[in-house]
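Student: Take this structure first; my questions come after.
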Amino acid sequence: MGKKKNVQPPPPSTSTLPELTADGEGNVVGEGPVVVEEAKKEGVKPLEVLYCQGELRYPIDVGCDDDLVIVCSFPPEFCEFGSSLTRCKAWLHEEHPDLFDKYYSEDALVEKTALLSTEAATKLEKDTAKKEAKAEAKARAEEERKKEAKVIVKRIERNKRKYVTSISGLEAFGIDLKKAAKLFAQKFATGASVTKTVTGGEEIVVQGDVSDEIVDMFEEANESSKESALKGVPEDNIEVVEEKKKKGGD
Amino acid sequence: MFKKFSAADASGQSILKSSVQRSIRATLLSQMNWDAETLELVWPKKEALVLVKCRDHISIYTVQGEPLFFQHFDGPFFPTLRLLQKYPSLLPKVQVDRGAIRFLLAGAHMMCPGFTSKGGWLPDADAAIPKEKAVAIFAEGKDHPCGVGLTKLSSEEIKSVNKGVGVEIVTYLGDDLWSLKKL
Chain A
1 MGKKKNVQPP PPSTSTLPEL TADGEGNVVG EGPVVVEEAK KEGVKPLEVL YCQGELRYPI
61 DVGCDDDLVI VCSFPPEFCE FGSSLTRCKA WLHEEHPDLF DKYYSEDALV EKTALLSTEA
121 ATKLEKDTAK KEAKAEAKAR AEEERKKEAK VIVKRIERNK RKYVTSISGL EAFGIDLKKA
181 AKLFAQKFAT GASVTKTVTG GEEIVVQGDV SDEIVDMFEE ANESSKESAL KGVPEDNIEV
241 VEEKKKKGGD
Chain B
1 MFKKFSAADA SGQSILKSSV QRSIRATLLS QMNWDAETLE LVWPKKEALV LVKCRDHISI
61 YTVQGEPLFF QHFDGPFFPT LRLLQKYPSL LPKVQVDRGA IRFLLAGAHM MCPGFTSKGG
121 WLPDADAAIP KEKAVAIFAE GKDHPCGVGL TKLSSEEIKS VNKGVGVEIV TYLGDDLWSL
181 KKL
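One line per chain: the protein sequences are A and B, in this order.
Start counting the first sequence at 1; every next residue gets the next number (UniProt numbering).
Start counting the second sequence at 1; every next residue gets the next number (UniProt numbering).
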C-alpha cells in the first residue's frame, strides 16, 4: 500500500446520507440533492485513507531484508490500539508531522484523558505496553521457530531398488511448494508432486532416489545470486534420513 | 468471522457468469447506499468479479485480486473494511464509545451500552436501523470506521433493552481479512 498523503476527514455522514440520518436541519437537506447530482455524473471519488507504515522489526531495528517486519497498517488514529505504538509514533512524526501534532500533542492527550477516568487511562497505558511486548515476543518466537525448523529429505524404499524422495518442512522457510516441485520435476525429469501428509502439513514427493542432489540444489540456490524457488534454507537445517520398507510386509 | 483466516482457507476461485454478476451488481446497489456510477469506480464493468469460496460458507468477491465484498451463506453483502473506509457512507452508521474500541479491535461483539452511553451514537427513531442489517461501526473521537457489523437488535431495541449483544462484529480493524490485501 503506497503512502497516501492529504487525508481528508470523511464527510459528515449527514451530507452524503441525507435519507439515512435523522438530521432535520434545513441546510443539510439543502445540500443533499447537490451532492447526489454531482455523483450522477461521475460517481463519488473514494476517500483517501492514510495507513500507518510504522513497523516492528525483529531483530530489533537492524534493518536488513530478512528481518521479520510487522507493519502496523492501521489508520494512524487507531495506532494507539495497535501493537507497535512507539514505532508508529516515530513514523508519523517523520512522515506527517502535522498529523502527529494532531494525534499526540499535549492538547490531544489532555482531551483524550479527559474522556477517561485516570484509572482507566493507566490501565490502557499498561495494556498498550503489554501488547507491544507481546507482539515482540511473537516476532521473536517466529524467528526462533524458523531457526529450529528442519527440512527433512527422506529416501523411501518403494520396491527393492526403487525409491521415492520426500521433502517436508519447507513451509517454515516461506518456500512455494508448487514452484519447488515443478523445479524438481524439471531438473530430474521425473514426477514431483505436492501431497498432504497425515499430520496436516504438505510435502513434496519426487520419484527416484535424488536425496543427495536435492541437498546440493538447496546449497546452490543459496550460493548463487539468481532468484530460485529454493532459496532461503540454511544448509544446517537440512536433514537426510532413510526409510526402509519393513521386511516381510508383502 | 475473520479472526483466524488465511489464504489457505480459500478453496477455489472462479469467475462468475455475467448474468450472476449483473444480479450481484443490482443487489449491491439496493443494499448499500451508493449509485451505479460510484460502484463503477470501485468495480468497473470491464472487470470480472471473482468469487473466492472459503471455509464456513464464506464467499469473498474480489476484483483484480482485491477483496471488495463478502457474504455468509445467502446473507447480506458486506463491504470489506478497506472499501468502507474509502466510502464511509455505504452502510448506516453506528458509533461506540471509547472504552469499547479496545474490545472491538480484539474482535468482540458490541454490547448495547457501548452505543447508548455518552460517546456512542445511534440514529434517531425515524431513521432506525432494523435488525439483521449490515452497519458501519465508528468509534468515539475517530474519523474512520473501524468495523463492519450485523445488527442483532434493531436500533430502537438497543436503546430500550440496553443489555447484551447489540451488534455482531463481522470484520474489524486488524483482523486477518484486513491484513489480507490480495487474494
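All C-beta atoms in this analysis are idealised placements derived from N, C-alpha and C, irrespective of residue type, glycine included.
Quantities reported herein were computed from a predicted structural model and do not represent experimental measurements.
Would you kindly work out how many angstroms separate the C-alpha atoms of residue 4/B and residue 42/B, rounded to a whole number?
Tutor: In a straight line, the C-alpha of residue 4/B is about 27 Å away from that of residue 42/B.
Student: What does the alpha-carbon distance come out to for the pair residue 7/A and residue 172/B?
Tutor: Confidence at residue 7/A is low in this model, with a pLDDT of 45, below 50, so its placement is unreliable and no value can be given for it.
Student: If you draw a straight line from the alpha carbon of residue 332/A to that of residue 237/A, how long is it in whole angstroms?
Tutor: Nothing can be reported for residue 332/A: it is not among the residues displayed for chain A, which extend from 1 to 250.
Student: How many angstroms separate the CA atom of residue 77/A from the CA atom of residue 103/A?
Tutor: Residue 77/A and residue 103/A: Cα-Cα distance of roughly 7 Å.
Student: Have a look at the DSSP bridge pairing and note the partners of residue 217/A.
Tutor: Bridge partners of residue 217/A: none, in fact.
Student: Taking just the CA atoms, how far does residue 156/B sit from residue 132/B?
Tutor: Each residue's Cα considered, the two are about 13 Å apart.
Student: If we cut at 9 Å on Cβ distances, does residue 42/B have a partner in chain A?
Tutor: Residue 42/B counts as touching chain A.
Student: So, is the C-beta of residue 101/B closer than 9 Å to a C-beta in chain A?
Tutor: Answer yes: the Cβ-Cβ gap between residue 101/B and chain A drops below 9 Å somewhere.
Student: Assuming residue 140/A and residue 172/A make a contact with CB atoms under 8 Å, what is their CB distance in whole Å?
Tutor: Not quite, the Cβ-Cβ distance comes to about 15 Å (not below 8 Å), so this is no contact.
Student: If you compare alpha carbons, which of 59/B, 124/B, 170/B, 153/B is closest to residue 12/B?
Tutor: For residue 12/B, the nearest C-alpha among the options comes from 59/B.
Student: Please state the DSSP three-state secondary structure of residue 28/B.
Tutor: Residue 28/B: helix per DSSP, three-state reduction.
Student: Tell me, to the nearest whole angstrom, how far the beta carbon of residue 20/B is from that of residue 81/B; I am working on the premise that it is less than 8 Å.
Tutor: About 25 Å; that fails the 8 Å criterion.
Student: Taking the alpha helix (DSSP H) that residue 137/B falls in, what are its first and last residues?
Tutor: That residue, residue 137/B, is in no alpha helix (DSSP H); its beta strand (DSSP E) goes 134-139.
Student: Can you grab the Cα-Cα spacing for the pair residue 131/A / residue 6/B, in whole Å?
Tutor: About 22 Å.
Student: Does any residue of chain B have a CB that is nearer than 9 Å to the CB of residue 32/A?
Tutor: Confidence at residue 32/A is low in this model, with a pLDDT of 37, below 50, so the placement of that residue should be treated as unreliable; the coordinate-derived value is given next. Closer than 9 Å: no.
Student: Inspect the beta-carbon positions of residue 102/B and residue 127/A and report whether they are closer than 9 Å.
Tutor: Against a cut-off of 9 Å, the Cβ pair of residue 127/A and residue 102/B comes out as a contact.
Student: What whole-angstrom Cβ distance do residue 95/B and residue 168/B have, given they're in contact under 8 Å?
Tutor: That belief does not hold up - the Cβ atoms of residue 95/B and residue 168/B are roughly 16 Å apart, past 8 Å.
Student: When DSSP builds the beta bridges, which residues end up paired with residue 162/B?
Tutor: Partner(s): none; residue 162/B has no beta bridge.
Student: Does residue 234/A come out as helix, strand or coil in the three-state DSSP assignment?
Tutor: Coil, per DSSP.
Student: Does any residue of chain B bring its CB to less than 9 Å from the CB of residue 100/A?
Tutor: Chain B, which has no Cβ nearer than 9 Å to the Cβ of residue 100/A, makes this no.
Student: Can you pull the chain A neighbours of residue 105/B, defined as C-beta to C-beta under 9 Å?
Tutor: Within 9 Å Cβ-Cβ: 74, 78, 81, 82.
Student: Kindly list, in the order they appear in chain B, the residues whose Cβ is closer than 8 Å to that of residue 46/A.
Tutor: Neighbours of residue 46/A on chain B, chain order: 41, 42, 86, 87.
Student: Measure the Cβ-Cβ separation of residue 81/A and residue 105/B and say whether it is below 9 Å.
Tutor: Contact flag set, yes.
Student: Could you give the C-beta distance for residue 166/A and residue 179/A, rounded to a whole number, given that I count them as a contact under 8 Å?
Tutor: In fact, because the Cβ distance is near 17 Å, the residues do not count as touching under 8 Å.
Student: Could you tell me the alpha carbon to alpha carbon distance between residue 91/A and residue 162/A, rounded to whole angstroms?
Tutor: So the alpha carbons of these two residues sit roughly 59 Å apart.
Student: Taking its Cβ as the centre, do 16 or more other Cβ atoms sit within 10 Å of residue 98/B, making it buried, or is it exposed?
Tutor: That one is buried.
Student: Quick one: complete alpha helix (DSSP H) runs, 4+ long, within the UniProt domain "SUI1" (151-222) of chain A?
Tutor: Listed in chain order, they are 177-188.
Student: To the nearest angstrom, how far is it from the Cα of residue 115/B to the Cα of residue 158/B?
Tutor: Distance between the alpha carbons of residue 115/B and residue 158/B is about 8 Å.
Student: As a quick exercise: from 196/A, 194/A, 190/A, 151/A, pick the residue whose alpha carbon is nearest that of residue 215/A.
Tutor: Answer by Cα proximity: 151/A.
Student: Would a check of beta-carbon distances place residue 149/B closer than 9 Å to chain A?
Tutor: Cβ-Cβ to chain A under 9 Å: no for residue 149/B.
Student: Which residues in the same chain have their Cβ closer than 6 Å to the Cβ of residue 1/B, if we skip the five residues on either side of it in sequence?
Tutor: Closer than 6 Å at the Cβ level, and outside the excluded window around residue 1/B, lie 170.
Student: Just the Cα atoms here: how many angstroms apart are residue 262/A and residue 198/A?
Tutor: Examination of residue 262/A is not possible in this model, given that chain A is present from 1 through 250 alone.
Student: For residue 122/A, is the classification buried or exposed, using 16 other Cβ atoms within 10 angstroms of its Cβ as the cut-off for buried?
Tutor: It counts as exposed.
Student: Could you tell me which chain B residues have their CB closer than 8 Å to the CB of residue 198/A, listed as they occur along the chain?
Tutor: Those within 8 Å of residue 198/A in chain B number zero; the least Cβ separation is about 18 Å.
Student: Output yes if chain A places a C-beta closer than 9 Å to the C-beta of residue 38/B; else output no.
Tutor: Taking Cβ atoms only, chain A reaches closer than 9 Å to residue 38/B, which makes this a yes.
Student: Measure the beta-carbon distance from residue 111/B to residue 65/B and round it to whole angstroms, keeping in mind my assumption that it falls under 8 Å.
Tutor: Wrong, their Cβ atoms sit about 36 Å apart, outside the cutoff.
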